[in-house]
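Engineer: The structure that follows is given in the form of C-alpha cells.
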Amino acid sequence: MLDIQYRDESCRGRGGIMTLPHGQVEIPAFMPVGTNGTVKAVKHKSVEDMGYKLILGNTYHLYLRPGMEVIKAAGGLHKFSSWEHNILTDSGGFQVFSLAPFRKIKEEGVRFRSHIDGAYHVFTPEKVVEIQETLGSDIQMVLDVCTPPGISHKEAVKSLEITTRWARRARERWLQCHDEYQGKLFGIIQGNFFEDLRKRSAEEILELDTPGIAIGGLSVGETPEMFRDYLHYTAQFLPEDKPRYVMGIGTPDYMLEAVEAGIDMFDCVYPTRIARNGTCLTRDGLLALKNEKFRLDQEPIDPHCTCPVCQTYSRSYLRHLFKAKEILGPMLVTEHNLHFLYVFMEEVRQALREGRFLSYKKAYLDRYRRR
RNA sequence: GGGGAGGUUCCCGAGUGGUCAAAGGGGGCAGACUGUAAAUCUGUUGCUUCGGCUUCGAAGGUUCAAAUCCUUCUCUCCCCA
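Add 145 to a position in the first sequence, counting from 1, and you land on the number used in my numbering.
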C-alpha cells in the first residue's frame, strides 16, 4: 500500500506512492474536502485536471443527505459523484466535536441531532464502518472523540479511552467487510494536549495495526505553538511503514511543519472556504480580493501562478465579482487556491526528493510571511 | 389651479420636546475562517488635539433644552381639475 521512495535525511520528511483501490496517490499529499460529495464551487473534473487523486467526503453529511439509499442505488459515492479517483471519508468524529451542543456521547456510540432537521440519530463505530463501506470509501476513518484545548486531564482520558474502544470495535467490524470492498481503515490518535495521553493513545491505536494512522485533535483552536509541539511529539510514535495523516490542516505553514514531522497526508476546508470568502493563497501570503486596494489592479492573483484563473482574470475583475456577489468569484478563487496547493505540494515533494526540504521550508515561510 | 403627503447622517428608512451623533436595513471599509451547520461570521462607518465640535431641506422664532413645536421660503411625490 505504501511505497516510500525517498527520504530527506535532514528531517523526518519522506515521499513516495500510496496505492489505493482507485489508483495511486503521490505523497505527501493535500486532500481537498468534498463534504457533501462535492468539493464546493468546483467540478470534480477540474479537481482531477489539477492533479488531485484523493479527496474527502463526509459520512455524517452524506448519511443525513442524500441518505444511504440514494448512494447505494448509484453504486457508491464514486459513481454517484462522478469521481473516479480515491475518496477518503471522515467518520463523523469531527461533527461529534463541532456539533457538540447537539450530541451525547455514550459507550455504545454517539447520539446526535441532525443540523438539517433536528432529528435524532445514533452513530456507533460499527455503523460508521458500514456506512463508509456503502459509500465505497478508499480510506475510511474510525469514529473518534475529538476534543478542544482547555479540557481537564481527566476529561481527556475519558475521551481517549472511548476513542480507543471505538477504534477496536471499528476494526473488528471492518475486518468483516465484504471481500469485494478494498477500502483501508485508519485509526485516529487523540489525547488532547497532554503528552502522556498522546503517547498512550498512539500506543493503543498502533496496537490495532490499521493500514494507516491519523493524528486527530489538532487545529481545534490551540495556538500555533501548541499545534507544532503536539504534532511533532505525536508524530514520533508513528510507524515508518504506514501512511500518516494529520487531520484538518491546510495552510502552507502548517503543512510544511507536518511534512517535516514525516506526515504524508493532510486535508482541510481552509483553502476552499477562504476562496468562497474572497481570500486567495499566494506565494507572498494571503490576498484578500475584496480589499479596496485591488479595485483597479490589473495583475492576476499571483503573477507566478500557472493556473487558468491567473492566466485569464485580473484582481480588479475578481474583486468586482465578489463585491457583486457573483457566483463565479468563489468558483474561480477556489480553482486558484486548489491549483496553488497542488503545485505547492509538488514543490514540497521535489524538495524532499532532493534532500533540501528544510531550506525550501525556510525560504517559503520567509516569503509567505512577508505580506 | 384645488386637495393631500413628505424632505433624517453615502442610500433606503425609524424617530414627533430632554435618555439622539440619531434604531434597522443596504452600501462602504476592515478583520476572521484549518478532519465544512460557512457563497459564512465579526467589527466599523459625521469631525476631533477626545475636552468637545458640527449634523436631521433653508432661514428665522418659541424653550433651560428642538430632528421633534411655530412662521416663512424651497423642493419632491400622490389625487382632483
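Note that CB positions come from ideal geometry on N, CA and C, so glycine has one too.
Exposed or buried, what is H223 when buried is set at 16 or more other beta-carbons lying within 10 Å of its beta-carbon?
Structural biologist: Burial call: buried.
Engineer: Nearest-angstrom Cα distance between A359 and V192?
Structural biologist: Going from the Cα of A359 to the Cα of V192 covers about 24 Å.
Engineer: In the DSSP output, which residue or residues are listed as bridge partners for G220?
Structural biologist: In the DSSP output, where bridge partners are listed per residue, G220 has none listed.
Engineer: Alpha helix (DSSP H) containing F137: first to last residue?
Structural biologist: Residue 137 is absent from the structure shown; the chain starts at 146 and stops at 516.
Engineer: Going straight from the alpha carbon of L383 to that of I472, what length do you get?
Structural biologist: Computed Cα separation, rounded: 43 Å.
Engineer: Would you tell me roughly how many angstroms separate the C-alpha atoms of G202 and R512, rounded to the nearest one?
Structural biologist: Rounded to whole angstroms, G202 to R512 spans 33 Å at the Cα level.
Engineer: Would you mind working out which of D341, K507, E499, G332 sits nearest E352, comparing C-alpha positions?
Structural biologist: Considering only alpha carbons, the answer is G332.
Engineer: Note down the Cα distance separating G357 from T183, rounded to an integer number of angstroms.
Structural biologist: Cα-Cα distance, rounded: 24 Å.
Engineer: For K387, tell me which candidate among R159, E154, D153, S155 has the shortest Cα-Cα distance.
Structural biologist: Ranking the options by Cα distance to K387, first place goes to R159.
Engineer: What do you reckon, are the CB atoms on G237 and Y265 nearer than 8 Å?
Structural biologist: Cβ atoms of G237 and Y265: not closer than 8 Å.
Engineer: What residue from T479, G361, Y378, R464 has the CA that sits closest to R421's CA?
Structural biologist: For the residues T479, G361, Y378, R464, the minimum Cα distance to R421 belongs to T479.
Engineer: DSSP state of L431, grouped into three classes?
Structural biologist: Looking at L431 - three-state DSSP - the assignment turns out to be strand.
Engineer: Can you tell me which residues form a DSSP beta bridge with M286?
Structural biologist: According to DSSP, M286 bridges with F331.
Engineer: CB-CB under 6 Å to T234, same chain, minus the five flanking residues each way: which ones, in chain order?
Structural biologist: Answer for T234: G202, T204, Q277, L280, S282, Q285, listed in chain order.
Engineer: So which of R157, P211, K198 has the shortest CA-CA distance to V170?
Structural biologist: Here the closest residue by C-alpha is K198.
Engineer: Do C450 and G362 count as a contact pair if the criterion is CB distance below 8 Å?
Structural biologist: Not closer than 8 Å, so no.
Engineer: Which one or two residues does DSSP pair with P177 in a beta bridge?
Structural biologist: C413, per the DSSP bridge assignment.
Engineer: In this structure, how does DSSP classify A264 when only helix, strand and coil are distinguished?
Structural biologist: The answer is coil: DSSP assigns A264 none of H, G, I, E or B.
Engineer: Is the distance from the Cβ of Y415 to the Cβ of G196 below 8 Å?
Structural biologist: No, they are not a contact pair.
Engineer: Cα-Cα, which of F242, H323, D148, G220 is closest to D289?
Structural biologist: Closest by alpha carbon: F242.
Engineer: Going by Cα to Cα distance, which pick from R514, D412, R248, N337 is closest to D398?
Structural biologist: Cα-wise, what sits closest to D398 is R514.
Engineer: Could you work out which residue in M176, S504, V187 is closest to P475 when comparing CA atoms only?
Structural biologist: Considering only alpha carbons, the answer is V187.
Engineer: Ordered along the chain, which non-local residues of its own chain (more than five positions away) have a Cβ less than 7 Å from that of T379?
Structural biologist: Result list for T379: I334, R343, A347, I360, in chain order.
Engineer: Is the beta carbon of R316 closer than 8 Å to that of T269?
Structural biologist: Against a cut-off of 8 Å, the Cβ pair of R316 and T269 comes out as no contact.
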